[in-house]
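What follows is a single structure, written as structure tokens, with notes after it.
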Amino acid sequence: MSTNDTPRHDELVVTHAPEGVVDPGLPPHQPRLGDTDPKASKRSERIVAALFGLSVLGSIGVVVAYFAFPPGESVSSIQQSNMFLGLGLAFCFAGIGFGAVHWAKSIMNDHEKVEERHPQRSSDEDRAAAVEVLKEGAADSGIARRSALKGGLITALALLPLPVALPLIGNVGADWDVSKFRHTMWRRGTRLMTDPTYRPIRAADVTIGSVVHVIPEGLHHDELESDQSFMDEKAKAVVLLVRLDERDLKHTEGSYHGIVAFSKICTHVGCPVALYEQQTHHLLCPCHQSTFDVADGAKVVFGPAKRALPQLPITVDDEGYLIATDDFSEPIGPSFWERVK
Amino acid sequence: MTTTRLERASAGTADFLDQRTGIGVAVKNFARKIFPDHWSFLLGEIALFSFVVLLGSGIFLTMFFVPSMTEVHYEGPWAPMHGVEMSEAFASTLRLSFEVRGGLLMRQIHHWAALLFMAAIVVHMLRVFFTGAFRKPRELNWVVGFTLLILGLAAGFTGYSLPDDVLSGNGLRITDGVVKAIPIIGSYMSYFVFGGEFPGTDIIPRLFTLHILVVPGLILALIGLHLFLVVLHKHTQFPGSGRTDGNVVGFPLFPVYTAKAGGFAFIVFGLITLMAATIQINPVWNYGPYDPSPVSAGAQPDWYMLFLEGSLRLMPGQTEYVIGGYTLSLNVLIPAVVIPGLLFTVLGAWPFLEAYATGEKREHHVLDRPRNAPTRTAAGVAIVTGFFILVLAGANDLIATHFEMSLNDITWAFRVLFFVAPVFAFWITKRICLGLQRRDRDLVLHGHESATIVRLAHGEYIEVHKPLDEHELWLRVNYSSPRPIEIEPAEDSRGVRRKGYRADRIRRRLSEFFYADRIEPVSAEELAAARAHQAEHHALLEGEGRHSAAIPAEESTSTTVDVEATSDR
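The listed protein sequences derive, respectively, from chains A and B. Numbering follows the working numbering, in which position 127 of the first sequence is assigned residue number 127; successive positions increment by one, without gaps. Numbering follows the working numbering, in which position 15 of the second sequence is assigned residue number 15; successive positions increment by one, without gaps.
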């Protein structure tokens with residue numbers, strides 16, 4: 001294919017060997033068993049055919065399994081259906097695959113062939129011609145002489161992203177009211193309810209050492225206001241309630257007879273802090289292992305979080321049920337730029 | 001000449017196509033195109049075929065999956081979830097598993113294929129890196145492949161979140177936390193992603209569109225470009241006699257690679273299907289639908305996200321600062337943005353960095369043996385080591401529970417190792433490479449030990465060395481060993497400081513980092529001297545008529561070494 005003006009392939013060849021050592025060329029071809037022994041060659045052919053046959057059996061197996069093993073209602077029945085369908089399909093694929101590869105390796109001509117490479121760059125003549133046609137095109141367009149055209153086109157193109165992006169960016173963040181995640185459903189007097197059973201919690205029923213997963217009263221599909229989303233509210237309002245021996249608590253404000261309530265959302269990146277270790281009063285986030293000391297205002301004792309879990313101040317109402325005395329004193333969850341503003 | 005019906009039919013079809021497309025020229029040029037053979041060239045193919053599986057199984061899944069966060073009560077056959085509130089996305093995932101025949105198989109095929117896709121991309125990238133296949137003219141294709149890696153991560157991430165189970169939901173919550181940590185615009189970015197407050201009702205449909213249209217579309221286009229460039233450049237080949245930068249040695253596309261690569265595609269399909277048939281993955285019916293309150297311990301993301309998870313786990317929390325009333329969460333930004341940013345920048349820019357340090361402008365089509373590029377190999381191992389430490393750190397809770405160790409101690413150990421281990425890995429890998437180069441030198445000069453010790457008439461013992469055959473000799477001497485680049489002095493002859501000296505000096509430093517430690521390749525003089533020496537031995541042995549007693553090697557290993565050392569040098 002190479003003509004006189006294209007760069008020659010031997011320009012590419014660079015040797016680093018010391019003088020006197022020359023490239024001996026490709027090593028001699030090693031014959032395979034089948035190249036010399038017709039019996040071995042025949043055997044390879046039979047193996048390839050058998051592998052293709054295996055694929056046919058696999059296909060039949062899939063059809064049988066489809067009707068014989070419906071997924072059903074239990075884990076074992078869906079696993080059974082999955083396994084038989086899958087094994088059939090696997091044989092169906094692998095039979096063709098191994099058959100074709102074995103064919104290529106044992107029967108097809110295995111003498112290596114050599115092809116020349118050519119440098120990627122175009123020849124100088126081609127480059128010059130390319131520049132020439134571009135110049136011609138530019139001259140035809142008249143862009144060089146008419147600067148108003150150039151400026152106009154550039155300005156129009158530069159502005160184009162704006163009308164395209166504005167509607168997208170304008171709508172994609174809903175109302176952009178980022179102050180919403182500073183507040184939760186908790187108010188003065190909101191009862192603490194168990195999650196997911198949704199029952200109020202009597203302070204006297206909470207034993208020392210026990211842990212209760214808590215949501216605010218009103219966070220229920222039947223009671224939510226129309227503008228409230230269950231998931232959005234729950235994602236902010238979940239609380240973990242723990243009762244300690246009152247003498248173990250380092251600060252008692254916001255607590256009630258040793259019962260303390262903290263936001264369950266980690267101040268690192270927002271996983272639910274769900275593991276409570278009774279002996280040490282430590283709360284552990286299973287995602288990144290930030291560890292908080294419940295006895296000491298849920299301060300961080302280890303891990304990637306910086307700030308303590310926000311505390312939900314609680315007391316009891318006339319009937320002895322636990323209620324909040326206010327919302328959290330600061331935004332819950334992970335930090336954000338304007339958090340303390 | 002008689003023709004069969006089949007031959008007439010295919011000739012007719014070929015004529016029809018060629019008259020309308022001129023395809024004959026393409027067939028003539030490409031059907032017998034030569035591709036070199038090596039097992040490591042199959043790694044990229046695994047990625048390609050896994051992607052084919054992802055497309056196929058993905059199309060199946062879209063027929064049944066409902067990308068909606070509308071809350072429904074589950075009423076399907078899976079009893080433990082009866083009446084449970086869940087999104088339509090989760091409910092349709094359960095339907096796929098329990099009611100659609102083959103649905104669970106397709107889900108598991110899709111998930112396993114995704115894991116294999118990413119693994120194959122990474123290992124393929126390592127092969128390209130360690131053999132220097134990214135050098136000119138393939139730098140652009142490295143960048144294309146690198147972009148495919150990033151897109152693969154994006155595809156994995158967007159797909160993982162779709163079933164809306166409690167694990168993936170917590171993954172999204174972590175994403176929200178990371179997004180919020182971005183300075184100045186973090187809160188708005190969170191609204192941008194979730195369409196308002198987390199979790200909202202937009203994220204699953206949005207991820208779905210990205211996952212089934214945007215990301216795979218881009219991947220498909222870039223795979224096309226990637227393969228086009230492979231064909232344009234012709235594949236690289238491993239070094240050896242007869243293989244040069246000016247040729248390509250191997251087997252023709254038709255029929256050898258049609259059968260080998262086509263067959264290999266089916267083997268990959270079969271392997272993925274076998275895994276899906278026998279190894280359970282992501283049993284969402286056990287996890288339950290997303291709920292912001294529960295979380296399970298010992299939950300890990302898919303493997304390709306583990307390094308980010310580990311990175312987040314290792315960073316101490318003290319690094320969150322409030323400056324002028326604004327919160328800067330370096331405890332999140334460094335591990336989740338800076339570390340991956342650094343990793344990916346170094347990876348993406350590597351071919352250009354290395355070309356800058358070498359100052360070489362020529363094309364490379366013969367691969368490097370990793371030992372012959374010690375600094376590159378060492379840097380690659382160091383990067384892999386750092387990545388691996390982060391992956392392990394992402395599983396620190398499992399390590400703690402399995403080996404009954406303190407989670408805090410493990411975390412501290414990884415914090416230290418993250419800095420120490422890559423440096424150590426760099427140092428030791430470079431030493432090993434230089435050692436292997438020295439060994440190549442010794443082999444070239446002295447040949448292989450034959451384990452035959454001969455006592456000469458005057459009492460000297462020598463070990464007979466077998467010279468390398470010409471093919472092995474060529475392999476071990478024909479490699480480039482660049483020296484650090486030279487730069488012009490800071491001042492010209494009249495003592496005027498020249499422009500661009502500072503940039504040159506940086507370049508010189510970089511070049512020294514790459515090439516200052518080097519093993520001098522065998523010179524022609526050394527080789528001649530070694531050959532003369534061998535001839536001398538040979539003559540001596542011939543002169544003795546080989547009557548001297550040959551001592552069996554195993555009885556005299558230690559003396560052998562001594563005698564050889566004195567006689568050879």
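All C-beta atoms, glycine included, are put in the ideal place defined by N, C-alpha and C. Please read these numbers as outputs of a predicted model, since none were measured by experiment.
_Interfacial residues, the stretch 395 to 415 of chain B to chain A, with Cβ spacing under 8 Å_ = Within the stretch 395 to 415 of chain B, the residues whose Cβ lies closer than 8 Å to some Cβ of chain A are N396, D397, L407, N408, T411, listed in chain order.
**Asked** If you drop the 5 nearest sequence neighbours on each side, which residues of the same chain put their C-beta closer than 7 Å to that of H183 (chain A)?
**Response** By 1-based counting over the first sequence, the position of residue 183 (chain A) is 183. If we look at H183 (chain A) and ignore the five residues flanking it on each side, its Cβ neighbours are D327.
Do we get a CB-CB distance below 8 Å when we pair N141 (chain B) with the residues of chain A?
By 1-based counting over the second sequence, the position of residue 141 (chain B) is 141. Interface criterion not met: the Cβ of N141 (chain B) is under 8 Å from no Cβ in chain A.
Just how far apart, CA to CA, sit R531 (chain B) and L443 (chain B)? In the second sequence, counting from the first residue as 1, residue 531 (chain B) sits at position 531. In the second sequence, counting from the first residue as 1, residue 443 (chain B) sits at position 443. Each residue's Cα considered, the two are about 12 Å apart.
Next on the checklist: Strictly by DSSP, which residues pair up with G250 (chain B)?
Outcome noted: Looking up residue 250 (chain B) in the second sequence gives position 250. According to DSSP, G250 (chain B) bridges with A:K113.
message = Below 8 Å on C-beta distance, what does M315 (chain B) contact in chain A?
response = Looking up residue 315 (chain B) in the second sequence gives position 315. Within 8 Å Cβ-Cβ: P304.
Sheet register partners of D165 (chain B) (DSSP bridge) = Indexing the second sequence from 1 puts residue 165 (chain B) at position 165. Note: D165 (chain B) sits in a beta bridge opposite B:P289.
Worksheet item: So the beta strand (DSSP E) K466 (chain B) belongs to, where does it begin and stop?
Response: Locating residue 466 (chain B) in the second sequence gives position 466, counting from the first residue. First-last of the beta strand (DSSP E) with K466 (chain B): 461 to 466.
#### Entry: Cross-chain neighbours of N478 (chain B) in chain A, by beta carbon under 9 Å
Walking along the second sequence from the start, residue 478 (chain B) turns up at place 478. T15, H16, A17, V21, D23, listed in chain order.
Q | Burial state of G324 (chain B) (16 or more Cβ within 10 Å) | A | Counting from one through the second sequence, the residue named residue 324 (chain B) turns up at place 324. Around the beta carbon of G324 (chain B), a 10 Å sphere encloses fewer than 16 other beta carbons of the protein chains shown; the residue is thus reported as exposed.
- Query: K250 (chain A) to A308 (chain A), Cα distance in whole Å?
  - Reply: Working through the first sequence from its first residue, we reach residue 250 (chain A) at position 250. Working through the first sequence from its first residue, we reach residue 308 (chain A) at position 308. One C-alpha to the other measures close to 14 Å.
Does the stretch 245 to 255 of chain B come within contact of the stretch 111 to 125 of chain A, defined as at least 3 CB pairs closer than 8 Å? Taking one beta carbon from each stretch, the stretch 245 to 255 of chain B and the stretch 111 to 125 of chain A have 3 or more pairs nearer than 8 Å; the two touch.
Please decide whether M185 (chain A) counts as near chain B, where near means a Cβ-Cβ distance under 8 Å. By 1-based counting over the first sequence, the position of residue 185 (chain A) is 185. Interface residue (Cβ-Cβ distance to chain B less than 8 Å): M185 (chain A) is not classified as such.
Q. What residues from the stretch 350 to 363 of chain B come within 7 Å of chain A, judged by C-beta to C-beta, listed N to C?
A. The stretch 350 to 363 of chain B vs chain A, Cβ under 7 Å: R362, E363.
- Where the beta strand (DSSP E) containing M193 (chain A) begins and where it ends: Residue mapping note: residue 193 (chain A) aligns to position 193 of the first sequence, counting from 1. Looking at the DSSP string, the run of the beta strand (DSSP E) that includes M193 (chain A) is 192 to 194.
(Q) Against chain D, with Cβ distances strictly below 8 Å, would E470 (chain B) count as a contact? (A) Protein chains A and B are contained in the structure displayed, whereas chain D is not.
* Asked: DSSP three-state call for A550 (chain B): helix, strand or coil?
  -> The residue you call residue 550 (chain B) lines up with position 550 of the second sequence. Below a pLDDT of 50, predicted positions are generally treated as unreliable, and A550 (chain B), at 46, falls in that range; the measurement from the model is reported next regardless. Of the three classes helix, strand and coil, the one that applies to A550 (chain B) here is strand, per DSSP.
For L210 (chain B), I'd like the list of residues in its chain whose CB is within less than 6 Å of its CB, leaving aside the five on either flank, ordered along the chain. To locate residue 210 (chain B), count along the second sequence from 1; it is residue 210. Contacts found: T158.
**L44 (chain B) versus V381 (chain B) - alpha carbon distance** = Here residue 44 (chain B) refers to the residue found at position 44 of the second sequence. Here residue 381 (chain B) refers to the residue found at position 381 of the second sequence. It is Gly, not Leu, that sits at residue 44 (chain B) in the sequence shown. In this structure, the straight-line span from the alpha carbon of G44 (chain B) to that of V381 (chain B) is close to 20 Å.
* Asked: In this structure, does DSSP put P304 (chain A) in helix, strand or coil?
  -> Working through the first sequence from its first residue, we reach residue 304 (chain A) at position 304. Reduced to three states, the DSSP call for P304 (chain A) is coil.
- Query: Under 9 Å Cβ-Cβ, which residues of chain A neighbour A79 (chain B)?
  - Reply: Position 79 of the second sequence, counted from the start, is the residue given in the question as residue 79 (chain B). Within chain A, the residues near A79 (chain B) are E73, S74.
Item to check | Given G298 (chain B) as reference, the closest of B:I399, B:F307, B:L274, B:A349 once Cα atoms are compared | outcome: Against the second sequence, residue 298 (chain B) aligns to sequence position 298. Nearest option by C-alpha distance: B:I399.
From which residue to which residue does the alpha helix (DSSP H) around G505 (chain B) run?
Sequence index remark: in the second sequence, residue 505 (chain B) carries index 505 (1-based). Correcting the residue identity first, residue 505 (chain B) is Arg in this sequence and not Gly. If you look at R505 (chain B), you'll find it in the alpha helix (DSSP H) that goes 501 to 515.
#### Entry: Own chain, CB closer than 6 Å to F238 (chain B), minus 5 neighbours either side, in chain order
What you label residue 238 (chain B) is simply residue 238 of the second sequence in a count that begins at 1. Excluding sequence neighbours, F238 (chain B) sits near H38, L367.
Taking one C-beta from the stretch 154 to 172 of chain B and one from the stretch 391 to 406 of chain B each time, how about it: are there three or more such pairs within less than 8 Å?
Verdict: no, contact absent.
Notebook entry, point to check: Does the stretch 56 to 63 of chain A touch the stretch 77 to 91 of chain A, meaning 3 or more C-beta pairs lie closer than 8 Å?
Noted result: Contact between the stretch 77 to 91 of chain A and the stretch 56 to 63 of chain A is present, because at least three Cβ pairs lie under 8 Å.
Looking at the secondary structure, which residues open and close the beta strand (DSSP E) in which S450 (chain B) lies? The residue labelled residue 450 (chain B) in the question sits at position 450 within the second sequence. Taken as a continuous stretch (DSSP letters only), the beta strand (DSSP E) holding S450 (chain B) covers 448 to 455.
Check your understanding: What does a CB cutoff of less than 6 Å around G155 (chain B) pick up in its chain, not counting 5 residues either side in sequence?
Key -> Locating residue 155 (chain B) in the second sequence gives position 155, where the first residue counts as 1. One detail in the question is off: residue 155 (chain B) reads as Ala in this sequence, not Gly. These residues qualify, in order along the chain: V215.
Kindly say whether A274 (chain A), judged by its beta-carbon, lies nearer than 8 Å to any beta-carbon of chain B.
-> Here residue 274 (chain A) refers to the residue found at position 274 of the first sequence. Yes, A274 (chain A) lies at the interface with chain B (some Cβ there is under 8 Å from its Cβ).
inquiry  = Alpha carbons only, please: which of B:E7, B:V53, B:R505, B:F228 is nearest the one belonging to F117 (chain B)?
reply    = Numbered from its first residue, the second sequence carries residue 117 (chain B) at position 117. Ranking B:E7, B:V53, B:R505, B:F228 by Cα distance to F117 (chain B) puts B:V53 first.
Problem set entry | Selected residue, minimal CA-CA separation from A119 (chain B), among B:I150, B:G103, B:M63 | By 1-based counting over the second sequence, the position of residue 119 (chain B) is 119. Closest in alpha carbon position to A119 (chain B), among B:I150, B:G103, B:M63, is B:I150.
Is the Cβ-Cβ distance between T429 (chain B) and T345 (chain B) less than 8 Å? The sequence position of residue 429 (chain B) within the second sequence is 429, counting from 1. The sequence position of residue 345 (chain B) within the second sequence is 345, counting from 1. Their beta carbons are not under 8 Å apart, which means T429 (chain B) does not touch T345 (chain B) by this criterion.
*asked:* Given a cut-off of 8 Å on the beta-carbon distance, is the pair D18 (chain B) and Y160 (chain B) in contact?
replied: Reading the second sequence from its first residue, position 18 is the one you call residue 18 (chain B). Reading the second sequence from its first residue, position 160 is the one you call residue 160 (chain B). Not closer than 8 Å, so no.
Item checked: Chain-ordered neighbours of D195 (chain A) on chain B, where CB pairs are closer than 8 Å -> Locating residue 195 (chain A) in the first sequence gives position 195, where the first residue counts as 1. Within 8 Å Cβ-Cβ: S293.
Could one say the Cβ of G12 (chain B) lies closer than 8 Å to chain A's Cβ atoms, at least one of them? Stepping through the second sequence from its first residue, residue 12 (chain B) is reached at position 12. No, G12 (chain B) does not count as interfacial toward chain A.
| query | Going along chain B, which residues have a C-beta under 8 Å from I78 (chain A)? | reply | If you number the first sequence from 1, residue 78 (chain A) lands on position 78. For I78 (chain A), the residues of chain B that pass the 8 Å Cβ criterion are S97, F98, L104, in the order they occur in the chain.
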